[in-house]
Every structure is written in C-alpha cells, then in structure tokens.
Amino acid sequence: MLKTLKRIFGSSSQKEIRKYNKLLKQINDLESRFVDCNKELFSEETLRFKERFQDGATLDDLLPEAFALVREAAKQAIGLRHFDAQIIGGIVLHQGNIAEMRTGEGKTLVATLPAYLNSLTGDSVHIVTVNDYLARRDPQWMGPVYDLLGMSVGILQNNSAYIFQNEAKENNKGFEFIRSVERKEAYQCDILYGTNSEFGFDYLRDNMVVNLDDRVQGELSYAVIDEVDNILIDEARTPLIISGPSEDTGSEYKRYSRLVKGLINGEDFQIDDKHQSVSLSLEGVRKVENLMGVDNLYDPDNSKGVHFVENALRATAVFEKDKKYVVKDGQIVIVDEFTGRLMPGRRYSDGLHQALEAKENLNIQRETITYATITLQNFFRMYSKLSGMTGTAVTESEEFWKIYKLDVIEIPTNLPMIREDHNDFIFKSQKIKYDAVVKEVIDCQKKGQPVLIGTTEIAQSELVSKLLTNKKISHQVLNAKEVEKEAGIIAQAGRPGAVTVATNMAGRGTDIILGGNPDDLKITSQEWNRLHQQVIQVGGLHIIGTQRHEARRIDNQLRGRAGRQGDPGSSRFFVALDDDLMKRFGGDKIKAVMDWVGMEEDAPIEHGTIGKQIERAQIRVEGFHFDLRKHLVEYDDVINTHREVIYKEKNSLLEGENFKSNVLVMVDEEVRNIVGRYDLSKNSDIPETLKSEIHSIIPFNDFEEIEKRGDESFADRLIGKIMEYFEFQYNNLEGIITDDTLRSIERQLILRIVDTQWVQHLTSMENLRTGIGLQAYGQRDPLVMYKREGHSMFQSLMDRIRYQVTRTVFYIADGSKNQISPENSFNKRKTSSQGQKYYNNGNNDKDTKVLSAVGSNNRKLGRNEPCYCNSGKKYKKCHGAL
Numbered sequence: 007m008l009k010t011l012k013r014i015f016g017s018s019s020q021k022e023i024r025k026y027n028k029l030l031k032q033i034n035d036l037e038s039r040f041v042d043c044n045k046e047l048f049s050e051e052t053l054r055f056k057e058r059f060q061d062g063a064t065l066d067d068l069l070p071e072a073f074a075l076v077r078e079a080a081k082q083a084i085g086l087r088h089f090d091a092q093i094i095g096g097i098v099l100h101q102g103n104i105a106e107m108r109t110g111e112g113k114t115l116v117a118t119l120p121a122y123l124n125s126l127t128g129d130s131v132h133i134v135t136v137n138d139y140l141a142r143r144d145p146q147w148m149g150p151v152y153d154l155l156g157m158s159v160g161i162l163q164n165n166s167a168y169i170f171q172n173e174a175k176e177n178n179k180g181f182e183f184i185r186s187v188e189r190k191e192a193y194q195c196d197i198l199y200g201t202n203s204e205f206g207f208d209y210l211r212d213n214m215v216v217n218l219d220d221r222v223q224g225e226l227s228y229a230v231i232d233e234v235d236n237i238l239i240d241e242a243r244t245p246l247i248i249s250g251p252s253e254d255t256g257s258e259y260k261r262y263s264r265l266v267k268g269l270i271n272g273e274d275f276q277i278d279d280k281h282q283s284v285s286l287s288l289e290g291v292r293k294v295e296n297l298m299g300v301d302n303l304y305d306p307d308n309s310k311g312v313h314f315v316e317n318a319l320r321a322t323a324v325f326e327k328d329k330k331y332v333v334k335d336g337q338i339v340i341v342d343e344f345t346g347r348l349m350p351g352r353r354y355s356d357g358l359h360q361a362l363e364a365k366e367n368l369n370i371q372r373e374t375i376t377y378a379t380i381t382l383q384n385f386f387r388m389y390s391k392l393s394g395m396t397g398t399a400v401t402e403s404e405e406f407w408k409i410y411k412l413d414v415i416e417i418p419t420n421l422p423m424i425r426e427d428h429n430d431f432i433f434k435s436q437k438i439k440y441d442a443v444v445k446e447v448i449d450c451q452k453k454g455q456p457v458l459i460g461t462t463e464i465a466q467s468e469l470v471s472k473l474l475t476n477k478k479i480s481h482q483v484l485n486a487k488e489v490e491k492e493a494g495i496i497a498q499a500g501r502p503g504a505v506t507v508a509t510n511m512a513g514r515g516t517d518i519i520l521g522g523n524p525d526d527l528k529i530t531s532q533e534w535n536r537l538h539q540q541v542i543q544v545g546g547l548h549i550i551g552t553q554r555h556e557a558r559r560i561d562n563q564l565r566g567r568a569g570r571q572g573d574p575g576s577s578r579f580f581v582a583l584d585d586d587l588m589k590r591f592g593g594d595k596i597k598a599v600m601d602w603v604g605m606e607e608d609a610p611i612e613h614g615t616i617g618k619q620i621e622r623a624q625i626r627v628e629g630f631h632f633d634l635r636k637h638l639v640e641y642d643d644v645i646n647t648h649r650e651v652i653y654k655e656k657n658s659l660l661e662g663e664n665f666k667s668n669v670l671v672m673v674d675e676e677v678r679n680i681v682g683r684y685d686l687s688k689n690s691d692i693p694e695t696l697k698s699e700i701h702s703i704i705p706f707n708d709f710e711e712i713e714k715r716g717d718e719s720f721a722d723r724l725i726g727k728i729m730e731y732f733e734f735q736y737n738n739l740e741g742i743i744t745d746d747t748l749r750s751i752e753r754q755l756i757l758r759i760v761d762t763q764w765v766q767h768l769t770s771m772e773n774l775r776t777g778i779g780l781q782a783y784g785q786r787d788p789l790v791m792y793k794r795e796g797h798s799m800f801q802s803l804m805d806r807i808r809y810q811v812t813r814t815v816f817y818i819a820d821g822s823k824n825q826i827s828p829e830n831s832f833n834k835r836k837t838s839s840q841g842q843k844y845y846n847n848g849n850n851d852k853d854t855k856v857l858s859a860v861g862s863n864n865r866k867l868g869r870n871e872p873c874y875c876n877s878g879k880k881y882k883k884c885h886g887a888l
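Numbering (my numbering), first residue to last: 7 to 888.
#1: Does DSSP classify Lys334 as helix, strand or coil?
#2: Quick check: the Cα distance between Asn773 and Thr401, rounded to an integer number of angstroms?
#3: If we call anything under 7 Å between Cβ atoms a contact, is Thr516 one with Ala497?
#4: Can you tell me which of the three DSSP states Gly311 falls into?
#5: Could you tell me which uninterrupted alpha helix (DSSP H) segments, each at least 4 residues in length, are contained entirely in the segment 374-424, listed from first to last along the chain?
#6: Can you tell me whether His88 is buried or exposed? The criterion is at least 16 other CB atoms within 10 Å of its CB, across all chains shown.
#7: Should Ile270 go down as buried or exposed, given a rule of 16 or more other Cβ atoms within 10 Å for buried?
#8: Go to Ser285, then tell me how far its beta strand (DSSP E) extends in each direction, as first and last residue.
#9: Tell me whether Asn679 sits in a helix, a strand or coil according to DSSP, three-state version.
#10: Provide the residue span of the beta strand (DSSP E) that contains Glu106, from first to last.
#11: Report yes or no: do three or more beta-carbon pairs, one from the segment 179-198 and one from the segment 94-107, lie closer than 8 Å?
#12: Gly629 lies in the alpha helix (DSSP H); which residues open and close that run?
#13: Mind checking Asp342: buried by the 16 CB within 10 Å criterion, or exposed?
#14: What is the C-beta distance between Pro456 and Arg425, in whole angstroms, given that I count them as a contact (C-beta under 8 Å)?
#15: Whose C-alpha, out of Ile239, Tyr228, Glu405, is nearest the C-alpha of Lys391?
#16: Give me the residue from Ile550, Asn535, Pro524 with the minimum Cα distance to His428.
#17: Let me make sure I understand the geometry here. Which of Ile23, Asp138, Phe706, Arg590 has the alpha-carbon closest to that of Leu348?
#18: Would you call the segment 200-213 in contact with the segment 237-247, where contact means no fewer than 3 C-beta pairs closer than 8 Å?
#19: Specify whether the segment 308-324 and the segment 458-472 touch according to this definition: at least 3 beta carbon pairs, one from each stretch, less than 8 Å apart.
#20: So, for Phe170: in the same chain, excluding its five sequence neighbours on each side, which residues have a beta-carbon less than 8 Å away from its beta-carbon?
#21: Between Ile415, Lys411, Thr747, Tyr389, which lies nearest to Gly397 when the distance is taken from Cα to Cα?
#22: How long is the line joining the alpha carbons of Leu119 and Asp67, rounded to whole angstroms?
#23: Where does Glu46 fall in DSSP's three states?
#24: Below 7 Å between beta carbons: does that hold for Val673 and Thr812?
#25: Could you tell me the alpha carbon to alpha carbon distance between Glu22 and Leu86, rounded to whole angstroms?
#26: What's the call for Thr376, buried or exposed, on a 16-neighbour Cβ count within 10 Å?
#27: Would Ser19 be called buried (16 or more neighbouring beta carbons within 10 Å of its own) or exposed?
#28: Pull up the CB-CB distance for Cys195 and Ser130, whole angstroms please, since I reckon it's below 8 Å.
#29: Per the DSSP calculation, Ile459 is bridged to which residue(s)?
#30: Which of the three DSSP states is assigned to Pro788 in this structure?
#31: Would you grab the beta carbon distance between Ser576 and His548 for me? Rounded to a whole angstrom, and I think it's under 8 Å.
#32: Given a cut-off of 7 Å on the beta-carbon distance, is the pair Leu75 and Glu51 in contact?
#33: Please go through the segment 219-273 and give each complete beta strand (DSSP E) segment of 3 or more residues, from N-terminal end onward.
#34: Got a sec? Which residues, its chain only, sit under 7 Å from Ala121 by beta carbon, not counting five neighbours each side?
#35: Could you tell me which of Ala504, Ile97, Ser531 sits nearest to Ser393, measuring between CA atoms?
#36: Identify which residue in Asp573, Gly572, Thr552 has its Cα closest to the Cα of Leu564.
This is the structure in structure tokens:
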C-alpha cells in the first residue's frame with residue numbers, strides 16, 4: 007500500500023527535489039554571467055558577497071549567484087562542472103540536511119558549494135572526513151577552486167596542521183600542495199578539513215587550557231560531514247576520551263587471564279551473543295571461588311576480583327582476534343564492527359583492553375583516569391548548523407532525525423542506475439559458500455570481468471585470500487590498514503579481470519573506474535578507452551558479498567561500489583546458514599526445510615522471500631543498535647548538562663570576567679553553611695569549632711564584639727559581620743597587590759580547583775553509570791535513577807568547588823603581598839582533592855582534614871610552625887586542625 011502511494015504521490019525526497027528545481031533554474035540562468043571571470047574578478051565577487059551579507063542579505067539571498075560562481079570556478083580551476091544533481095545536493099547541504107548521493111556522484115565536489123556560501127559569514131566551515139588520507143586528499147583536490155574564489159583552506163592531521171597553497175613543492179607524495187602551520191592558524195582558515203576525532207579532541211583540549219591564547223578551535227558554526235552515516239552512527243557508540251594513567255594492575259590482569267582458561271563454555275559460563283556478554287553458571291562460580299581461594303565470590307570484599315574475572319572471560323570467550331581486534335606493533339588495535347576499519351589509539355574502557363592485552367601476552371598498559379570526555383552525538387549537536395552526505399542514509403533516517411534533527415533527502419543520480427542486484431545465494435554451510443564464491447570469481451575472470459569481494463571482517467578476507475591463492479588466482483587484499491596505499495589499489499579494481507578482496511571500509515571515498523583510474527596508469531587515452539569499453543561489454547564491476555551485514559546500509563554501501571555514473575554492474579550476496587546473522591535469526595529453520603526437501607549439499611537457495619526474511623532480521627538488529635546508541639545519548643545528556651555548566655564557568659574565567667562578585671557569593675554561601683550547622687539561639691559561648699571553620703576562610707576574630715548573643719537574629723548578624731570583614735580585607739588586598747593581580751590569582755585558583763574536581767566528578771559519574779543497571783532489579787528505571795543520583799553528585803561537585811575556593815582564595819591572595827606570582831601562589835597552600843570534606847545535606851564530617859599543606863618552598867609544615875595563612879597561630883591550631 008505504502009509503495010503504491012509513493013508511486014502516485016512521490017516520496018518526501020521527490021517533493022523536496024521539486025521545490026529545488028526553481029532555484030536550480032536560477033543558478034543555471036546565472037552560469038553565463040561568470041564565464042569571463044578571471045582570478046581578480048572571482049575574488050572581487052567574493053568580497054561583494056561578504057559586503058552584501060554584512061549589509062543584511064541572507065545566505066539564501068546569495069545562494070543562486072554564489073553557487074553559479076563556484077560552478078564556474080570549478081570549471082576553470084580543475085576542469086569539473088557541477089551537474090544539476092550536484093547543485094541540488096549543495097542546496098540540501100546548505101539547508102542543514104543529509105544528501106544521500108550514490109557512489110561516484112561526486113560528493114567531494116558537491117561540498118564546495120555549501121562550504122563557500124557559508125564561509126561568506128566570516129565563520130570557518132568544517133568539512134569532516136572519515137580518515138586522515140581523505141582529509142588531506144580532498145582539500146588538495148578542491149583547493150584550487152577555493153583559492154580562485156579567494157578562500158583559504160586548512161587541513162587537520164594527527165598532531166599536525168597545514169594550509170593549502172596553489173604551488174607544488176618537492177615533498178612526500180600527498181603533501182605537494184600544503185605547508186605546515188600551527189593548529190590555531192589552520193582553524194582561522196575559511197574552510198577546514200579534518201576527521202571527526204580531530205575536531206572533537208580539539209574541543210576537549212580547548213576546554214582544558216588555563217590561558218585563553220592556548221585555545222585553537224573557535225566557534226562551531228557549520229559542518230559538512232562526509233560519509234555521515236559512518237561518523238554519526240557507526241562511530242557514535244565510541245565516546246571521545248582524554249585520559250591519564252591510574253594505578254598499575256597489570257599483574258592482576260595476567261593472573262585472571264590464566265585463571266579463566268580452565269573454564270568451559272556451556273558448562274562453567276554462557277555467552278550472550280546479542281549483548282556480547284558472559285555469565286558464570288553455579289558450577290563456574292564454584293570453580294572460580296576455588297581458584298581464587300575465597301568462600302563467596304560475590305562478597306563485597308571480592309568486588310574487584312569479580313570485575314577481573316568478567317573482563318578476562320569476555321576477552322577470552324567473546325572477543326575474537328582478527329574479528330573484534332588485531333594485534334599490531336605489540337598493541338591491541340580495535341576493529342570497527344560496522345566498517346572493518348582499524349581504530350588505532352582507541353581503547354576499550356573499564357579494564358577490557360587490559361584483559362585483551364593479558365590474553366595476547368602483550369605489555370599491559372595502565373587503566374586510565376578520564377580528564378575530559380564527550381560523545382560524537384553531543385559534540386556535533388553543538389554546531390549551529392549541521393549537514394552531511396553519504397551514499398546510504400535512508401535506512402537510518404529515523405535515527406538521524408530523532409538524535410540530530412537531520413532530514414535525509416535522496417538526490418537523483420546524474421545518469422540512470424543500471425546495476426543488476428541479484429537475489430542472495432543461500433548455502434547450508436560456510437565451507438560450501440566460500441567454495442561457491444571462488445567458483446564465481448573464476449567464471450568472472452574467464453570473461454575478463456573485474457570482481458570486488460566484500461567481507462565483514464579481516465579474518466574473512468584472509469580466508470578468501472587463502473582460497474584464491476590455492477586456486478592460483480591473482481588478487482589484492484585490502485583490510486583498511488594502510489588507507490592511502492589501499493585507496494590507490496581500489497582505484498584500479500575496475501581493470502579487466504582484476505580481483506580485489508576488501509573489508510567494508512577499505513578504500514571508501516575512492517571511486518572504482520571501469521578500465522582502471524587513468525591518472526595512475528601509464529597508458530594512452532586510446533588504450534584506456536579500449537580497456538574501459540572491454541569492461542563495459544562484460545557487464546562492468548561484479549560485487550560479491552561473502553556475508554550479509556547486521557545493517558542493510560553496509561550491504562548497500564558494498565553494492566554501491568558498482569554502477570557509478572550510469573556504468574553497468576552487478577552484485578550478489580553469498581549467505582550460509584551458519585553465518586552469525588543467520589544463526590541468530592532463523593538459520594536452523596531454513597536448514598531443516600532444506601534437509602526435509604532433500605536438497606543437495608552444494609545447491610544454493612535463490613529466492614526473494616528468504617532475502618526479505620534476512621532484511622527483516624537486519625531491521626531488528628538495526629533497531630537494537632539504535633536503542634543502544636539512543637541509550638548512550640540519554641546517559642551522556644545527563645553529564646552533558648554538567649559539562650555545559652562547568653565549561654561555561656571556565657570560559658568566563660578565561661575571557662577575563664571579573665570574578666570578585668562570584669567569590670563573594672561563594673564565601674557568603676559557605677559562611678551561611680557553616681553558621682547554619684550550629685545552634686546559636688542560646689546565650690552561650692560560640693563553639694571553638696565554628697571559629698576554627700571561619701578561620702579557614704578568613705582570620706576573623708571579633709566574635710565577642712557582636713551584641714545580644716542568644717538572640718534569634720544573632721546568626722544573621724554574625725554572618726553579616728563576617729562578610730563585612732571579608733569584603734573590607736579583600737578590598738584592602740586590591741589596593742595592595744593591584745586589581746589585575748588579584749583577578750589573575752582568582753582565575754588561576756578557581757581554574758585549578760574546577761579542573762581537579764571535574765576530573766573527580768567524571769570518575770564518579772563513570773562508576774555510577776557502570777553500576778546503575780542494578781537498579782532495574784529493584785523495579786526502578788536505571789536512567790531515572792542515574793539522572794537523580796547524577797544531579798545529587800553535581801550538587802556535591804559544586805559544593806566541593808565552593809569549599810576549596812573559599813578556604814584558599816583569601817590566604818593565597820594575602821600571601822601574594824610577599825611577591826608571590828599568581829602562577830606560584832598555588833604553592834602557598836595546596837590541598838589534596840582526596841580527603842576533602844564532601845557536603846551532603848549539610849552534614850559535617852569532623853574527621854575530615856585538609857591534606858598536604860605546603861609552604862612556599864614546597865616543604866611540609868610542622869605542627870608547631872606558624873601557619874602559612876599569616877594568622878599568627880601555629881599550624882596545628884589553625885589550618886592543621888581542619
């Protein structure tokens with residue numbers, strides 16, 4: 007019914023495209039206006055657009071002329087003219103949507119249109135790519151277009167940054183048209199290319215600096231994300247984390263890795279394939295208790311041991327080498343489960359990575375403490391405007407809208423798609439399936455048809471390669487290990503008779519041209535045309551999928567490698583009933599039917615109904631993963647609200663805002679908090695403990711001067727007197743050490759305290775997140791409890807910050823009279839973040855001490871020495887008593 011309605015009324019994408027046709031006509035009509043432009047005229051037009059924008063014109067007003075200008079610039083600079091479909095793609099991107107454009111439709115060129123238009127505002131436009139190779143290749147390819155238009159282009163690479171220059175220089179291949187610059191300079195360019203992790207980590211690092219000049223990123227105004235499904239969906243489950251080492255527990259991981267090797271799957275533990283988890287049976291618990299030498303594994307005293315056992319079991323039983331991870335250069339490198347791409351630098355959290363290192367007998371790196379973290383979802387949602395492009399987004403349109411508020415618009419192809427997608431071949435076993443794959447490759451090679459074999463993981467590609475080698479079939483294997491080298495190989499995968507084996511992600515972003523890429527072939531154009539026609543005549547590129555992926559989108563990406571720009575092509579997936587997906591969703595039932603009808607072992611089933619059943623299974627898995635990602639966002643949204651408050655406060659400090667009023671508010675709140683814990687309504691002496699706590703903030707000694715003690719208003723008058731004294735003394739300091747110096751002291755002090763406490767808060771929230779799932783056993787929603795507990799912990803964080811600031815700011819500022827610089831003034835009084843008083847509903851922990859009081863020479867003070875706060879008291883009677 008739905009398909010019938012779509013045929014009659016058209017899809018939502020088709021309706022949107024019809025709206026753009028009027029705008030497209032305007033752009034086409036303007037094309038002749040810019041034909042005679044030279045370099046100076048292009049730059050002048052850009053300046054004119056910027057002036058019009060400053061005078062009140064909107065980007066939508068400028069769009070027709072700007073797009074027509076970019077089209078002409080591309081023709082003159084690199085010999086490429088934007089097709090109408092590409093112009094429509096540019097409009098979709100400018101309007102903050104996702105443009106689904108098939109492979110080979112020229113998405114790299116499309117990005118120049120919205121990037122140029124949006125850079126006219128004066129804000130830098132970020133073009134986000136999936137790897138460093140594309141982040142370097144694309145700006146050098148499109149750079150001449152931007153340069154002709156008078157726009158600067160920056161490039162982010164791992165630990166380095168560059169700017170495009172339109173003059174070739176002798177250098178390593180791939181770096182001919184770029185020069186090295188500071189990262190901050192790259193961010194000041196009109197258009198900046200980089201990977202999602204580079205942009206995300208720069209944001210986190212910018213919020214860890216103590217000087218405003220050390221920031222590099224600037225405003226997050228507009229981003230165009232290439233391969234948006236890969237970045238916003240596939241990688242969205244992995245948060246960006248900046249961390250440091252914690253305690254060394256390497257020997258424990260090795261011990262437990264040896265311990266679990268004696269446990270038997272199905273007898274001592276069970277594996278949950280869906281959730282990728284392991285649970286011990288009663289027999290397994292008894293075995294582990296005997297091996298550990300404990301009576302009760304789940305006694306609270308053994309909680310660390312349980313954690314080590316669970317990680318060691320997951321590492322041994324669930325995480326397969328060359329499927330979930332590879333060992334490279336003595337390290338565990340994670341393999342992206344959706345794309346097959348290696349993710350160097352990424353580490354599993356919560357001790358799992360260390361458990362894998364122990365399993366593989368590698369050097370075990372310490373667990374880490376989180377200093378800063380953010381999910382890709384929350385990072386990209388900070389952009390004022392976001393857009394993306396990919397060949398496969400429609401199947402995930404619900405997620406794009408619900409999480410990112412992005413619509414997916416299908417862009418019609420420039421030429422009709424004529425690729426033939428065959429029904430799946432379904433076999434009883436993987437052995438028979440792979441034999442059939444090899445046979446199909448041989449059949450294609452005989453007629454000179456190029457073949458691309460797509461696998462879902464590295465182990466599969468190595469198995470296929472071994473089978474092809476046994477048959478003496480020449481082939482190339484790409485495992486997304488060397489992106490730049492593999493891009494060159496995949497570009498030649500369309501040569502007659504070529505056989506290429508690749509994991510999902512390998513070579514993505516590089517077109518497969520039938521006959522081979524002429525730029526890299528040392529042959530004449532006539533010879534290339536002959537090869538090109540030869541491949542067309544045998545049916546174009548043939549795609550073989552060795553397994554259905556869990557997501558339809560990844561299958562569509564593989565199919566999309568063939569049939570670019572109206573070329574012929576074909577695709578077929580080979581599926582076995584013991585493939586992971588089939589085992590989880592009905593493979594046994596199909597096998598029983600095959601056995602019942604007496605089908606031959608090597609005979610495949612080819613029927614559209616089974617293909618639809620597989621698709622339904624994929625939809626269920628996609629829904630499961632969507633729920634996981636949505637779950638991650640919901641939990642990260644809790645800490646994201648905390649992050650926004652803390653980073654906003656830090657921004658105010660770095661930008662030089664006068665924090666005197668904030669300090670006074672914090673001191674007033676803390677004094678009221680202290681006084682409120684004592685009953686002062688009776689006519690009795692003021693407790694010495696109260697005096698001592700007030701002394702920790704300021705050396706106020708006029709308690710006996712306050713009249714009418716025992717009066718109900720006595721507490722308020724005491725607070726008022728203390729605050730009056732604090733303000734008086736603080737104002738005196740301004741006159742002695744200058745306003746600027748005091749502001750600098752405040753800024754450095756509060757930044758140091760906020761950073762220390764924020765790291766502690768992140769650790770606490772991570773621990774809360776790990777254990778919150780147990781709330782479900784008490785019939786309580788874990789997310790609701792996480793929000794509630796998280797709010798309480800955030801209030802505790804703010805209390806700790808106030809506690810430390812109020813007990814430090816006056817004495818550090820007062821000490822600066824003795825020529826202590828703001829940077830070194832922290833040595834006047836250091837406090838450990840551990841052992842500090844935690845406020846919880848106003849309760850006072852009398853045993854709490856301020857630790858590690860340090861003099862200006864970094865020497866720990868003796869108990870009988872004068873206190874560092876210049877109160878005149880001995881340390882043991884002053885701050886040593888806290």
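We put the beta carbon where it would ideally sit given N, CA and C, even for glycine.
To lay it out plainly:
#1: strand
#2: 35 Å
#3: If you check the CB distance, Thr516 and Ala497 come in under 7 Å.
#4: In the structure shown, Gly311 sits in a helix (DSSP, three-state: H, G or I).
#5: 382-386, 403-410
#6: buried
#7: exposed
#8: 283-286
#9: Asn679: helix per DSSP, three-state reduction.
#10: Run containing Glu106: 104-106, per the beta strand (DSSP E) assignment.
#11: no
#12: Where Gly629 is concerned, the enclosing alpha helix (DSSP H) stretches over 614-660.
#13: buried
#14: Wrong, their Cβ atoms sit about 14 Å apart, outside the cutoff.
#15: Tyr228
#16: Ile550
#17: Asp138
#18: Judged by Cβ distances under 8 Å, the segment 200-213 makes contact with the segment 237-247, as three or more pairs qualify.
#19: no
#20: Pro145, Gln146, Gly149, Tyr152, Asp153, Ser158, Val159, Gly160, Ile161, Phe183, Ile184
#21: Of the listed residues, the one whose Cα sits closest to Gly397 is Ile415.
#22: 14 Å
#23: helix
#24: yes
#25: Pairing Glu22 with Leu86, the inter-Cα distance amounts to about 26 Å.
#26: buried
#27: buried
#28: 6 Å
#29: Val507, Ile550
#30: helix
#31: 5 Å
#32: Contact: yes.
#33: Taking 3 residues as the minimum length, the beta strand (DSSP E) runs contained wholly in the segment 219-273 are 228-232, 246-251, in order along the chain.
#34: Val131, Ile133, Ile197, Val230
#35: Ile97
#36: Thr552
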